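Residue numbers (the numbering used here): 468 to 692.
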(Lines of atoms letter the chains of each structure in order from A and count residues from 1; the text may use other names and numbers.)
(Lines give C-alpha, C1' and ligand atoms only; values in the text may rest on other atoms or scores of the structure.)
Protein backbone atom coordinates (compact mmCIF):
# COMPACT_ATOMS: atom_id res chain seq x y z
CA UNK A 1 0.00 0.00 0.00
CA UNK A 2 1.32 3.47 -0.87
CA UNK A 3 2.19 5.94 1.87
CA UNK A 4 -0.46 8.60 2.39
CA UNK A 5 0.33 12.30 2.42
CA UNK A 6 0.63 14.15 5.69
CA UNK A 7 -2.71 14.97 7.36
CA UNK A 8 -3.22 18.68 8.05
CA UNK A 9 -6.88 19.27 8.93
CA UNK A 10 -8.54 17.90 12.07
CA UNK A 11 -10.80 15.71 9.93
CA UNK A 12 -7.79 14.31 8.12
CA UNK A 13 -6.05 13.56 11.41
CA UNK A 14 -9.12 11.79 12.76
CA UNK A 15 -9.37 9.78 9.55
CA UNK A 16 -5.69 8.86 9.77
CA UNK A 17 -6.20 7.71 13.34
CA UNK A 18 -9.17 5.58 12.29
CA UNK A 19 -7.13 4.10 9.44
CA UNK A 20 -4.49 3.00 11.95
CA UNK A 21 -7.08 1.45 14.27
CA UNK A 22 -8.79 -0.31 11.36
CA UNK A 23 -5.45 -1.68 10.16
CA UNK A 24 -4.73 -3.07 13.62
CA UNK A 25 -8.20 -4.64 13.78
CA UNK A 26 -7.70 -6.27 10.37
CA UNK A 27 -4.40 -7.77 11.44
CA UNK A 28 -5.87 -9.00 14.73
CA UNK A 29 -8.52 -10.92 12.82
CA UNK A 30 -5.76 -12.74 10.94
CA UNK A 31 -3.05 -13.22 13.56
CA UNK A 32 -2.44 -13.53 17.25
CA UNK A 33 -1.52 -10.34 19.08
CA UNK A 34 2.13 -11.24 19.58
CA UNK A 35 2.56 -11.76 15.84
CA UNK A 36 1.59 -8.17 14.99
CA UNK A 37 4.24 -5.44 14.78
CA UNK A 38 4.06 -1.67 14.46
CA UNK A 39 5.65 -2.06 11.01
CA UNK A 40 2.76 -4.32 9.99
CA UNK A 41 0.17 -1.81 11.20
CA UNK A 42 1.89 1.11 9.44
CA UNK A 43 2.04 -0.84 6.18
CA UNK A 44 -1.65 -1.81 6.22
CA UNK A 45 -2.70 1.71 7.26
CA UNK A 46 -0.62 3.24 4.48
CA UNK A 47 1.42 5.49 6.76
CA UNK A 48 5.10 5.74 7.61
CA UNK A 49 6.27 4.27 10.89
CA UNK A 50 7.15 7.79 12.06
CA UNK A 51 3.59 8.95 11.38
CA UNK A 52 2.23 5.94 13.24
CA UNK A 53 4.14 6.98 16.37
CA UNK A 54 2.65 10.48 16.16
CA UNK A 55 -0.78 8.97 16.82
CA UNK A 56 0.12 6.03 19.07
CA UNK A 57 3.31 5.64 21.07
CA UNK A 58 3.05 1.85 21.43
CA UNK A 59 1.28 -1.15 19.99
CA UNK A 60 -0.42 -1.57 23.37
CA UNK A 61 -1.95 1.91 23.17
CA UNK A 62 -3.45 1.08 19.77
CA UNK A 63 -5.11 -2.06 21.05
CA UNK A 64 -6.22 -0.40 24.30
CA UNK A 65 -8.12 2.10 22.16
CA UNK A 66 -9.54 -0.83 20.19
CA UNK A 67 -10.66 -2.41 23.46
CA UNK A 68 -12.26 0.84 24.65
CA UNK A 69 -14.25 1.20 21.43
CA UNK A 70 -15.45 -2.39 21.53
CA UNK A 71 -16.44 -2.12 25.18
CA UNK A 72 -18.34 1.10 24.40
CA UNK A 73 -20.20 -0.77 21.67
CA UNK A 74 -20.94 -3.69 23.99
CA UNK A 75 -22.39 -1.50 26.74
CA UNK A 76 -24.33 0.52 24.19
CA UNK A 77 -26.12 -2.61 22.96
CA UNK A 78 -26.64 -3.94 26.48
CA UNK A 79 -28.06 -0.69 27.87
CA UNK A 80 -30.34 -0.20 24.87
CA UNK A 81 -31.84 -3.63 25.44
CA UNK A 82 -32.17 -3.40 29.23
CA UNK A 83 -33.58 0.13 29.23
CA UNK A 84 -36.24 -0.82 26.67
CA UNK A 85 -38.00 -2.98 29.29
CA UNK A 86 -40.09 -1.21 31.93
CA UNK A 87 -40.71 -4.35 33.99
CA UNK A 88 -37.96 -6.65 35.36
CA UNK A 89 -36.95 -9.28 32.80
CA UNK A 90 -35.29 -11.70 35.25
CA UNK A 91 -32.50 -14.17 34.62
CA UNK A 92 -33.67 -15.32 31.18
CA UNK A 93 -33.96 -11.73 29.99
CA UNK A 94 -30.54 -10.75 31.28
CA UNK A 95 -28.89 -13.78 29.68
CA UNK A 96 -30.63 -12.97 26.39
CA UNK A 97 -29.58 -9.30 26.56
CA UNK A 98 -25.96 -10.25 27.24
CA UNK A 99 -26.02 -12.81 24.42
CA UNK A 100 -27.15 -10.13 21.97
CA UNK A 101 -24.60 -7.62 23.25
CA UNK A 102 -21.74 -10.10 22.89
CA UNK A 103 -22.93 -11.14 19.42
CA UNK A 104 -23.10 -7.51 18.27
CA UNK A 105 -19.63 -6.74 19.66
CA UNK A 106 -17.74 -9.09 17.39
CA UNK A 107 -14.10 -9.58 18.29
CA UNK A 108 -14.40 -8.05 21.76
CA UNK A 109 -13.83 -11.21 23.76
CA UNK A 110 -10.75 -12.17 21.76
CA UNK A 111 -9.27 -8.71 22.30
CA UNK A 112 -10.13 -8.67 26.00
CA UNK A 113 -8.33 -11.98 26.42
CA UNK A 114 -5.05 -10.05 26.02
CA UNK A 115 -6.23 -6.92 27.82
CA UNK A 116 -5.11 -7.54 31.39
CA UNK A 117 -1.98 -9.63 31.03
CA UNK A 118 -0.56 -7.80 28.01
CA UNK A 119 -2.15 -4.47 27.09
CA UNK A 120 -2.63 -2.90 30.51
CA UNK A 121 0.55 -4.48 31.85
CA UNK A 122 2.75 -3.02 29.12
CA UNK A 123 0.87 0.24 28.52
CA UNK A 124 1.99 1.74 31.83
CA UNK A 125 0.24 3.35 34.79
CA UNK A 126 -1.15 6.47 33.09
CA UNK A 127 -2.69 4.63 30.12
CA UNK A 128 -4.09 1.87 32.32
CA UNK A 129 -5.62 4.36 34.76
CA UNK A 130 -7.20 6.41 31.97
CA UNK A 131 -8.61 3.25 30.41
CA UNK A 132 -10.11 1.96 33.67
CA UNK A 133 -11.55 5.38 34.59
CA UNK A 134 -13.33 5.57 31.23
CA UNK A 135 -15.12 2.30 31.98
CA UNK A 136 -16.60 3.38 35.32
CA UNK A 137 -19.64 5.36 34.05
CA UNK A 138 -20.68 2.54 31.72
CA UNK A 139 -20.23 -0.07 34.43
CA UNK A 140 -22.31 2.00 36.84
CA UNK A 141 -25.21 2.50 34.41
CA UNK A 142 -25.25 -1.12 33.27
CA UNK A 143 -24.89 -2.31 36.87
CA UNK A 144 -27.92 -0.26 37.92
CA UNK A 145 -29.95 -1.83 35.12
CA UNK A 146 -28.92 -5.31 36.26
CA UNK A 147 -30.05 -4.44 39.78
CA UNK A 148 -33.41 -3.25 38.42
CA UNK A 149 -34.01 -6.46 36.48
CA UNK A 150 -32.63 -8.96 39.01
CA UNK A 151 -34.28 -8.69 42.40
CA UNK A 152 -31.53 -10.66 44.13
CA UNK A 153 -28.74 -8.23 43.15
CA UNK A 154 -28.47 -5.68 45.95
CA UNK A 155 -27.84 -2.00 45.33
CA UNK A 156 -24.28 -1.31 44.27
CA UNK A 157 -23.49 -4.93 43.40
CA UNK A 158 -24.59 -4.81 39.76
CA UNK A 159 -21.17 -3.53 38.73
CA UNK A 160 -19.45 -6.35 40.58
CA UNK A 161 -21.74 -8.85 38.85
CA UNK A 162 -20.72 -7.49 35.45
CA UNK A 163 -17.03 -7.75 36.35
CA UNK A 164 -17.60 -11.35 37.47
CA UNK A 165 -19.28 -12.11 34.15
CA UNK A 166 -16.34 -10.45 32.40
CA UNK A 167 -13.85 -12.69 34.21
CA UNK A 168 -15.87 -15.74 33.18
CA UNK A 169 -15.85 -14.64 29.54
CA UNK A 170 -12.07 -14.24 29.60
CA UNK A 171 -11.47 -17.77 30.81
CA UNK A 172 -13.90 -19.22 28.29
CA UNK A 173 -12.41 -17.17 25.43
CA UNK A 174 -8.92 -18.49 26.16
CA UNK A 175 -10.24 -22.04 25.91
CA UNK A 176 -12.17 -21.25 22.73
CA UNK A 177 -9.20 -19.59 20.99
CA UNK A 178 -6.22 -21.92 21.50
CA UNK A 179 -2.78 -21.50 19.96
CA UNK A 180 -2.20 -23.22 16.59
CA UNK A 181 -0.38 -26.13 18.26
CA UNK A 182 -3.11 -26.60 20.87
CA UNK A 183 -5.75 -26.44 18.16
CA UNK A 184 -3.99 -29.31 16.40
CA UNK A 185 -3.94 -31.21 19.70
CA UNK A 186 -7.69 -30.72 20.09
CA UNK A 187 -8.26 -32.05 16.58
CA UNK A 188 -6.65 -35.39 17.44
CA UNK A 189 -8.85 -38.44 18.11
CA UNK A 190 -10.08 -38.54 21.70
CA UNK A 191 -9.36 -34.85 22.33
CA UNK A 192 -12.91 -33.63 21.63
CA UNK A 193 -13.44 -32.85 25.33
CA UNK A 194 -11.08 -29.87 25.11
CA UNK A 195 -12.92 -28.11 22.28
CA UNK A 196 -15.04 -25.12 23.29
CA UNK A 197 -17.52 -23.04 21.33
CA UNK A 198 -17.47 -19.72 23.19
CA UNK A 199 -21.08 -18.61 22.69
CA UNK A 200 -23.07 -21.65 23.88
CA UNK A 201 -20.56 -22.58 26.58
CA UNK A 202 -20.40 -19.09 28.02
CA UNK A 203 -24.15 -18.52 28.04
CA UNK A 204 -24.78 -21.88 29.71
CA UNK A 205 -22.27 -20.97 32.44
CA UNK A 206 -23.82 -17.53 32.84
CA UNK A 207 -27.30 -19.04 33.17
CA UNK A 208 -26.08 -21.41 35.90
CA UNK A 209 -24.39 -18.54 37.76
CA UNK A 210 -27.48 -16.33 37.84
CA UNK A 211 -29.89 -19.16 38.67
CA UNK A 212 -27.60 -20.23 41.49
CA UNK A 213 -27.45 -16.68 42.87
CA UNK A 214 -31.22 -16.34 42.69
CA UNK A 215 -31.76 -19.71 44.41
CA UNK A 216 -29.34 -18.81 47.19
CA UNK A 217 -31.05 -15.44 47.72
CA UNK A 218 -34.48 -17.06 47.82
CA UNK A 219 -33.31 -19.63 50.38
CA UNK A 220 -31.77 -16.90 52.54
CA UNK A 221 -34.99 -14.89 52.40
CA UNK A 222 -37.02 -17.96 53.38
CA UNK A 223 -34.74 -18.71 56.32
CA UNK A 224 -35.05 -15.15 57.60
CA UNK A 225 -38.86 -15.21 57.71
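All residues carry an ideal CB built from backbone N, CA and C; glycine is no exception.
Being a predicted model, the structure only gives us computed values, none of them experimental.
Per-residue DSSP class, three states only, for residue i
i           : result
residue 692 : coil
residue 655 : coil
residue 619 : coil
residue 503 : coil
residue 553 : coil
residue 483 : helix
residue 495 : helix
Member of the options whose CA lies at the smallest distance from the CA of residue i
i           : options            : result
residue 424 : 678, 540, 489      : Absent from the structure is residue 424, since the part of the chain shown begins at 468 and ends at 692.
residue 597 : 531, 519, 651, 682 : 531
residue 544 : 625, 673, 609      : 609
residue 509 : 616, 678, 487, 496 : 487
residue 496 : 656, 674, 533      : 533
residue 584 : 559, 679, 482, 501 : 501
residue 635 : 668, 619, 481      : 668
residue 631 : 672, 478, 688, 664 : 672
residue 661 : 639, 477, 688      : 639
residue 678 : 561, 535, 549      : 561
residue 628 : 641, 637, 614      : 614
residue 572 : 558, 595, 535, 555 : 535
Same chain, Cβ closer than 6 angstroms to residue i, neighbours up to 5 away in sequence not counted
i           : result
residue 575 : 537, 541
residue 484 : 522
residue 527 : 586, 589, 590
residue 605 : 542
Cutoff 8 angstroms; reference residue i; Cβ partners in own chain excluding five residues on either side
i           : result
residue 633 : 579
residue 519 : 487, 505, 508, 509, 512
residue 492 : 533, 574
residue 676 : 631, 632, 635
With 16 other Cβ atoms within 10 Å as the buried cut-off, status of residue i
i           : result
residue 552 : exposed
residue 569 : buried
residue 469 : Low local confidence applies: a pLDDT of 49 at residue 469 is under 50, so the model's placement there is unreliable, and no value is given.
residue 603 : exposed
residue 564 : buried
residue 690 : exposed
residue 686 : exposed
residue 593 : exposed
residue 481 : exposed
Nonlocal neighbours in the same chain, by C-beta distance under 7 angstroms from residue i, ignoring five residues either side
i           : result
residue 490 : 508, 511, 512
Contact test: residue i Cβ vs the ligand NAP heavy atom, cutoff 6 angstroms
i           : result
residue 689 : For the ligand NAP, the structure offers nothing, since it holds no ligand at all.
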